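Colleague:
There are 2 protein chains.
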Amino acid sequence: MSASNENEPEGPPPSDESVDDAIETRRSGRRFFLKSTTVLGAAAIVGCGDDASSGAGATTTPSGPTPAAHPSTHIAPGELDTYYGFWSGGQSGEIRILGVPSMRELKRIAVFNRDSATGHGQTDWSKQVLGGRGAGDTHHVHLSYTDGTYDGRYIFVNDKVHGRLARVRIDVMETDAIVDIPHSQGTHGIFPQRHRTGLVLCNSEFRTPIPNDGTNLTDPSQYAAMHTAIDGETMEVKWQVMVEGNMDLCATDYQGKYSFATCYNSEGGVTLEQMMSAERDHLYVFNLANIQRAVDEGRTIRVGRTDVPVIDARGDNSEFVLRVPVPKSPHGVNMDPTGRYAVVSGKLSPTCSVIDVEKLEDAFAGRIQPRDCVVAEPEVGLGPLHTAYDGRGNAYTSIFLDSIVTKWNIAKAIEAYGGADVDPILDRIDVHYQIGHINASMSETREADGKWLVGLCKFSKDRFLNVGPLKPENDQLIDISGDRMELVHDGPTYSEPHDAVIVRADLIHPTSIQNREAARFRLYEQWAQEDGVDLMRESKIIRKGPRSVRVYMTSRAPNFAITEITVKTGDEVQIIVTNQDQVEDLSHGLTVSKHDVQFIVNANDTNSATFTAGAPGVYWYYCPWFCHAMHLEMRGRLIVEPR
Amino acid sequence: MSASNENEPEGPPPSDESVDDAIETRRSGRRFFLKSTTVLGAAAIVGCGDDASSGAGATTTPSGPTPAAHPSTHIAPGELDTYYGFWSGGQSGEIRILGVPSMRELKRIAVFNRDSATGHGQTDWSKQVLGGRGAGDTHHVHLSYTDGTYDGRYIFVNDKVHGRLARVRIDVMETDAIVDIPHSQGTHGIFPQRHRTGLVLCNSEFRTPIPNDGTNLTDPSQYAAMHTAIDGETMEVKWQVMVEGNMDLCATDYQGKYSFATCYNSEGGVTLEQMMSAERDHLYVFNLANIQRAVDEGRTIRVGRTDVPVIDARGDNSEFVLRVPVPKSPHGVNMDPTGRYAVVSGKLSPTCSVIDVEKLEDAFAGRIQPRDCVVAEPEVGLGPLHTAYDGRGNAYTSIFLDSIVTKWNIAKAIEAYGGADVDPILDRIDVHYQIGHINASMSETREADGKWLVGLCKFSKDRFLNVGPLKPENDQLIDISGDRMELVHDGPTYSEPHDAVIVRADLIHPTSIQNREAARFRLYEQWAQEDGVDLMRESKIIRKGPRSVRVYMTSRAPNFAITEITVKTGDEVQIIVTNQDQVEDLSHGLTVSKHDVQFIVNANDTNSATFTAGAPGVYWYYCPWFCHAMHLEMRGRLIVEPR
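Here it is, written out as structure tokens:
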């Protein structure tokens with residue numbers, strides 16, 4: 021056990037010096053500002069205005085309060101946005117759908133969180149898939165692909181808390197599968213393959229003992245991390261590749277040959293100082309064909325109590341994993357829309373490293389060195405994290421410490437790296453403040469269209485009316501259709517969006533009436549068959565056992581088909597509600613007073629929850645949706661008799 | 021037990037006719053459209069375009085897609101909104117803060133819901149106040165008052181699921197008290213007194229046996245409802261008044277003399293048909309001075325196992341309760357800013373009833389009849405629900421079935437009721453669709469300023485990009501500064517805002533650094549005293565018993581003071597984190613991998629959670645907030661040894 025029992029708040033924490041020294045500062049006159057103030061945290065996030073426009077390249081676009089309204093983001097009443105934005109909700113455990121460019125939140129999709137409105141986490145089906153857990157931390161949200169663009173079928177999202185991957189059906193915009201990833205903690209970067217709905221690759225950020233069964237607790241040299249492949253169709257874990265370093269962000273190529281993972285802790289450290297000690301870390305490149313062949317041929321191991329085939333690829337480069345050295349503690353890795361270049365952002369280096377994917381085959385074959393795949397390394401600013409694209413050959417990198425976005429040209433960066441006297445930096449713009457992820461319209465597809473850029477800023481400070489110690493994040497919208505970037509909207513959001521994708525509206529086609537195709541309907545149908553009940557038509561109260569009652573109940577505005585349910589105290593009561601209404605936007609729900617039961621039943625939907633009947637008495641159940649002029653009267657009585 | 025076992029979806033539900041007949045239709049040629057189609061639900065919510073502008077009075081303002089952007093709602097990047105909007109989140113169980121006029125959501129405040137981001141519902145303190153419950157249904161949010169306007173201290177909000185009232189501290193914008201209301205189900209309307217932070221009055225919507233202990237289960241004639249007074253300072257239940265009918269919306273006067281409750285089920289029915297049978301129901305007027313006198317003099321009863329003094333005021337009018345007859349199934353009751361008129365909206369009557377508060381004393385004294393307090397009853401449209409004010413003598417009533425807002429003049433309505441040939445209706449505007457609550461800037465204060473009106477529409481249907489069967493609500497913003505209403509913004513929101521208040525920004529002054537004054541800090545301080553630990557400075561791991569470990573841990577970006585915690589499998593582990601950072605917007609948090617633990621610790625804050633250590637192994641804990649460039653490295657290991 022270690023504990024800093026007398027950690028005085030006034031003094032700098034022990035790691036101050038080491039953090040400071042760890043930052044590469046190639047640009048003269050500009051120091052990472054941790055050192056210059058006494059309060060470590062304050063310095064790291066508050067400063068940034070002193071010389072933000074210094075360094076090589078273009079000047080910074082002014083971005084103070086705009087004097088006049090910017091009409092381009094205004095969607096008049098009744099008009100529609102032109103893009104869907106899919107946002108990971110971070111610690112909220114959810115996915116959000118925004119309209120772009122209005123930046124209005126259109127929906128929350130409960131995924132790993134318990135949601136009081138829909139009952140997610142409390143209905144029978146969601147309790148099964150969540151296992152009673154209610155904390156989630158979603159970081160990366162990506163849609164399924166076919167031929168390098170979105171096919172409108174699924175959304176995938178990770179959970180860092182429990183090491184899970186979830187899938188959302190786009191047809192009904194609800195979670196339909198959650199998979200626990202074996203031997204995995206801190207699941208962070210994920211990315212689906214882009215040539216078809218194939219594998220979804222998932223990175224473990226935290227190195228742990230594998231198997232993590234208590235046999236090794238304290239020897240970090242034996243810790244490892246997993247790069248996991250999950251079938252996007254079946255949501256089965258197909259294989260895992262074990263590596264020595266941790267893994268942060270993830271990407272796939274456009275051909276289906278490779279997946280990528282940034283490794284910021286190639287040192288295998290367990291403390292901040294240890295993790296930052298090396299000057300270069302790695303981009304891991306996974307050779308999917310070679311891995312699949314080994315899996316097919318049984319050249320794998322089994323680990324712990326799972327049956328998932330595992331390849332132990334720790335240590336040196338092999339047919340499975342190539343380690344491309346990149347400076348230092350790299351964070352994001354993003355493929356450009358041509359499919360040729362993977363851009364890795366340096367985090368503790370002011371550079372991006374451009375990897376030419378066409379050179380990887382030679383590197384895997386040993387004909388060139390891994391580092392030879394790097395074809396450019398432009399200086400973009402202090403703390404580069406992620407890169408987006410406009411489809412016109414330009415890249416936009418989010419710069420955390422400088423709180424800017426840097427626009428640069430990939431071809432020029434390659435020329436400069438080759439020795440030409442060209443400046444790849446085209447523009448810079450201030451953001452407010454401390455930008456993390458960045459994305460642009462269709463940026464992660466072959467159809468990147470260079471219209472809108474969103475920067476997910478981690479601190480908003482004074483940008484909105486003060487709402488107390490917990491302030492909103494600031495999702496800023498930037499118009500990138502012209503030569504210069506233009507900040508057009510400050511978008512406050514709840515803690516804490518990590519990543520977002522912006523998708524052309526014509527690619528997304530949800531239903532308005534529930535289509536009953538999601539996995540959970542198999543459950544209801546199974547019960548109904550068991551009980552000989554026609555789910556869509558019948559309402560019945562069935563005593564299943566001495567302490568167990570099942571209720572099938574239909575709803576149609578403004579009525580439940582059953583207005584009185586009599587049970588005994590302590591009964592386990594399951595209520596299955598089917599909404600007969602077939603009208604767009606006509607959702608009902610069921611709330612049982614004093615029993616912590618509340619869930620939604622959309623048009624043509626079924627949903628259910630199970631609870632224990634409380635003390636003897638009368639408890640009203642009601643429809644919590646304002647479904648009708650008489651919605652307050654849409655209710656009935658749960659009559660709990662003494663046993 | 022009753023069950024409609026063979027309820028065919030094609031046929032109309034049994035109550036169709038009775039619903040239809042129940043609607044008063046004074047305007048010729050216009051019928052409530054339930055009857056005209058076969059599907060009850062569909063008709064009730066979909067129709068409305070056929071002759072929305074018919075009826076008496078002014079024409080309807082056009083409100084289709086506006087061709088050009090409306091600049092008035094656009095807040096440029098870096099500029100601030102001029103009003104705070106406080107929104108009840110309905111079934112989401114939360115409060116939302118919006119900026120007005122931009123209608124951007126600035127914050128969610130977890131109240132009755134479990135929130136994955138802040139850990140509300142899962143931290144030690146919130147588990148205590150929520151009792152493990154995670155479902156909430158907030159309907160009405162009101163701020164504390166002094167001298168008829170907002171004093172910036174508290175927000176109060178109801179929970180309909182469990183019959184609770186919560187208070188949020190405005191200084192830190194977090195929930196600090198939740199009270200279970202005795203003998204109460206379906207707590208719906210609430211309203212604080214307006215002359216000072218005195219009582220908060222809460223209505224039970226559902227009539228139940230009182231006490232609800234199983235001795236009477238099936239005789240609804242003995243059911244009753246409670247009008248409950250809770251002290252806004254201490255959050256103690258002071259008294260309850262038992263009435264025979266149910267109670268819906270609530271209001272208080274400006275003098276501290278009366279509180280009001282609409283009663284839509286004066287019949288005491290338990291089915292839809294029964295509840296709608298009477299032509300008139302009531303506005304209950306509670307005489308607070310008389311009630312307080314009776315409480316002080318002990319002229320009260322005790323009910324069940326609570327000590328709260330109860331006045332049984334069922335039956336006839338008395339010194340405690342006056343029943344003012346109003347047509348039919350009244351819904352909203354809203355005091356006008358002069359404090360003289362309470363406007364009751366008819367719901368099943370196309371009228372609003374204007375009650376002159378100055379006449380109530382005579383009515384209580386028996387010098388006039390209760391109905392003599394009604395001084396106007398203008399026809400406003402089909403399905404009037406709630407009324408807002410502009411401070412210029414005009415009222416704005418939300419009309420659910422017509423999907424319009426009707427602007428009318430109170431003085432003219434009184435003249436017309438007195439026989440003068442004047443039309444009180446000034447304007448109508450279409451809303452989209454099925455509007456419920458309505459509110460205007462400062463409308464519920466003496467300082468109503470007539471700038472912005474918000475209409476909370478229950479159906480959005482085609483107004484936004486399709487996001488599946490569950491669609492957003494539509495909070496529409498209307499400019500009421502001119503003679504005609506102008507729709508300026510469609511605001512999508514998650515299920516399901518019920519009510520909102522719009523507050524001038526200069527009245528709200530939250531802190532940015534946690535001030536440690538909320539109730540939960542007493543808990544942490546008590547533990548720290550117990551263990552001789554200086555919360556703000558010290559980090560310590562203390563074994564409290566053979567299966568119990570308490571950890572005090574400070575945080576400062578990017579470090580936890582403890583990076584290794586060793587416990588035994590099955591230990592109950594409590595981790596108390598204190599954030600030493602004193603920097604605006606610098607929140608940390610704690611997530612424990614695989615242990616369903618995640619919570620926030622704001623700047624200068626403390627927070628804690630307790631969990632059971634899982635199977636032997638290594639589990640990383642980390643800060644889920646992006647607090648620093650090295651935030652991913654802000655973590656440590658929970659090492660769980662075999663027992």
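Quick mapping for you: the protein sequence lines, in order, are chains A and B. With this note's numbering as the guide, the letters of the first sequence map in order to residues 21 to 663. With this note's numbering as the guide, the letters of the second sequence map in order to residues 21 to 663. Backbone N, C-alpha and C fix where the C-beta goes; we use that ideal spot for every residue, glycine too. Small disclaimer: the values here were computed from a predicted structure and weren't measured.
With 16 as the cutoff for other CB atoms within 10 Å, does Lys-560 (chain B) come out buried or exposed?
Modeller: buried
Colleague: Looking at C-alpha atoms only, which residue of A:Val-323, A:His-208, A:Ser-241, A:Thr-254 is the closest neighbour of Val-261 (chain A)?
Modeller: Comparing alpha carbon positions, the residue from A:Val-323, A:His-208, A:Ser-241, A:Thr-254 closest to Val-261 (chain A) is A:Val-323.
Colleague: Using 8 Å as the Cβ pair cut-off and three pairs as the minimum, do the segment 364 to 376 of chain B and the segment 395 to 409 of chain B touch?
Modeller: yes
Colleague: Give me the residue from B:Val-617, B:Lys-588, B:Asp-591, B:Arg-576 with the minimum Cα distance to Asp-601 (chain B).
Modeller: B:Arg-576
Colleague: Looking at C-alpha atoms only, which residue of A:Pro-347, A:Met-573, A:Lys-367, A:Thr-531 is the closest neighbour of Arg-391 (chain A)?
Modeller: A:Pro-347
Colleague: Does chain A have any CB closer than 8 Å to the CB of Ile-117 (chain B)?
Modeller: Interface residue (Cβ-Cβ distance to chain A less than 8 Å): Ile-117 (chain B) is classified as such.
Colleague: Can you name the residues of chain A whose CB is closer than 8 Å to the CB of Arg-134 (chain B)?
Modeller: By Cβ distance, chain A contributes Asn-133, Arg-134, Ser-136, Gly-141, Gly-154.
Colleague: If you follow the alpha helix (DSSP H) that Lys-147 (chain B) is in, where does it begin and where does it stop?
Modeller: Judged by DSSP secondary structure, Lys-147 (chain B) falls within the alpha helix (DSSP H) whose first and last residues are 144 to 150.
Colleague: Does the beta carbon of Trp-645 (chain A) sit closer than 8 Å to a beta carbon anywhere in chain B?
Modeller: yes
Colleague: With distances taken Cα to Cα, identify the nearest neighbour of Thr-320 (chain B) among B:Thr-326, B:Asn-310, B:Ala-309, B:Asp-332.
Modeller: Closest option to Thr-320 (chain B), judged by alpha-carbon separation, among B:Thr-326, B:Asn-310, B:Ala-309, B:Asp-332: B:Asp-332.
Colleague: Buried or exposed for Pro-566 (chain A), going by 16 or more other Cβ atoms inside 10 Å?
Modeller: A residue is called buried when at least 16 other Cβ atoms come within 10 angstroms of its Cβ; Pro-566 (chain A) does not meet this threshold and is exposed.
Colleague: For Leu-402 (chain A), which option in A:Thr-417, A:Gly-411, A:Thr-272, A:Ala-408 has the closest C-alpha, if you only look at C-alpha atoms?
Modeller: Selected option, being the one with the closest Cα: A:Thr-417.
Colleague: Assuming Gly-183 (chain B) and Pro-212 (chain B) make a contact with CB atoms under 8 Å, what is their CB distance in whole Å?
Modeller: Their Cβ separation, rounded to whole angstroms, is 18 Å, which puts Gly-183 (chain B) and Pro-212 (chain B) out of contact at 8 Å.
Colleague: Between the alpha carbons of Asp-389 (chain A) and Val-257 (chain A), how many angstroms are there, rounded?
Modeller: Per the sequence shown, the amino acid found at residue 389 (chain A) is Gln instead of Asp. Straight-line Cα distance between these residues: approximately 32 Å.
Colleague: Would you mind telling me which residues of chain B sit closer than 8 Å to Trp-640 (chain A), beta carbon to beta carbon, in chain order?
Modeller: Gln-205, Gly-206, Phe-226, Thr-228
Colleague: Which residues in chain A sit within 8 Å of Arg-504 (chain B), going by Cβ to Cβ distance?
Modeller: Against Arg-504 (chain B), chain A offers no close residue; the least beta-carbon distance is about 15 Å (beta-carbon pairs closer than 8 Å).
Colleague: To which residues of the same chain is His-651 (chain B) closer than 8 Å at the C-beta, ignoring the five residues directly before and after it?
Modeller: So the list reads Ala-577, Pro-578, Cys-643, Trp-645, once near-sequence residues are dropped.
Colleague: Inspect the beta-carbon positions of Arg-731 (chain A) and Ala-249 (chain A) and report whether they are closer than 8 Å.
Modeller: Because chain A here runs from 21 to 663, residue 731 (chain A) falls outside it and cannot be looked at.
Colleague: Would you list, in sequence order, the uninterrupted alpha helix (DSSP H) runs of no fewer than 4 residues that lie entirely inside the segment 343 to 429 of chain A?
Modeller: 380 to 384
Colleague: Check Phe-646 (chain A) in the structure and name its three-state DSSP category.
Modeller: coil
Colleague: Name the chain B residues that come within less than 9 Å of Tyr-170 (chain A), Cβ to Cβ?
Modeller: At a beta-carbon threshold of 9 Å, none of the residues of chain B lie near Tyr-170 (chain A); the nearest stands roughly 15 Å away.
Colleague: Out of curiosity, what's the CA-to-CA distance linking Pro-231 (chain B) and Gly-206 (chain B)?
Modeller: C-alpha separation (whole angstroms): 15 Å.
Colleague: Based on Cα-Cα distance, which residue from A:Val-363, A:Arg-387, A:Val-621 lies nearest to Leu-488 (chain B)?
Modeller: The residue you asked about is not Leu; residue 488 (chain B) is Gly in the sequence shown. The shortest C-alpha separation from Gly-488 (chain B) is found at A:Val-621.
Colleague: Among B:Ile-201, B:Asn-133, B:Tyr-170, B:Lys-427, which has the Cα closest to the Cα of Pro-444 (chain B)?
Modeller: B:Lys-427
Colleague: Please report how far the alpha carbon of Glu-661 (chain B) lies from the alpha carbon of Ala-581 (chain B), in whole angstroms.
Modeller: 21 Å
Colleague: In the DSSP assignment, find the alpha helix (DSSP H) that holds Tyr-544 (chain A) and state where it starts and stops.
Modeller: 540 to 551
Colleague: Between the alpha carbons of Ala-635 (chain A) and Lys-614 (chain A), how many angstroms are there, rounded?
Modeller: 10 Å
Colleague: For my contact list, Tyr-170 (chain A) and Arg-189 (chain A) are in at a C-beta cut-off of 8 Å; report their separation, rounded to the angstrom.
Modeller: Separation of the CB atoms of Tyr-170 (chain A) and Arg-189 (chain A) is rounded to 14 Å, and the pair is thereby denied contact status at 8 Å.
Colleague: I need the straight-line Cα distance from Glu-664 (chain A) to Asp-495 (chain A), nearest angstrom please.
Modeller: Here chain A covers residues 21 to 663 and nothing more, so residue 664 (chain A) does not appear.
Colleague: Using DSSP bridges, identify the partner residues of Leu-185 (chain B).
Modeller: Per DSSP, the beta bridge partners of Leu-185 (chain B) are B:Asn-178, B:Val-199.
Colleague: If you compare alpha carbons, which of A:Ser-92, A:Glu-99, A:Glu-125 is closest to Lys-491 (chain B)?
Modeller: A:Glu-125
Colleague: How about the segment 340 to 354 of chain A and the segment 218 to 231 of chain A: do they share at least three Cβ pairs that are nearer than 8 Å?
Modeller: no
Colleague: Any Cβ of chain A within less than 8 Å of the Cβ of Pro-489 (chain B)?
Modeller: yes
Colleague: Is the separation between the beta-carbon of Val-131 (chain A) and that of Thr-531 (chain A) shorter than 8 Å?
Modeller: no
Colleague: Our contact map puts Arg-483 (chain A) next to His-452 (chain A) with C-beta atoms below 8 Å; I'd like the distance itself, whole angstroms only.
Modeller: 5 Å
Colleague: Contact criterion: CB-CB distance below 8 Å. Does Glu-661 (chain B) meet it with respect to chain A?
Modeller: yes
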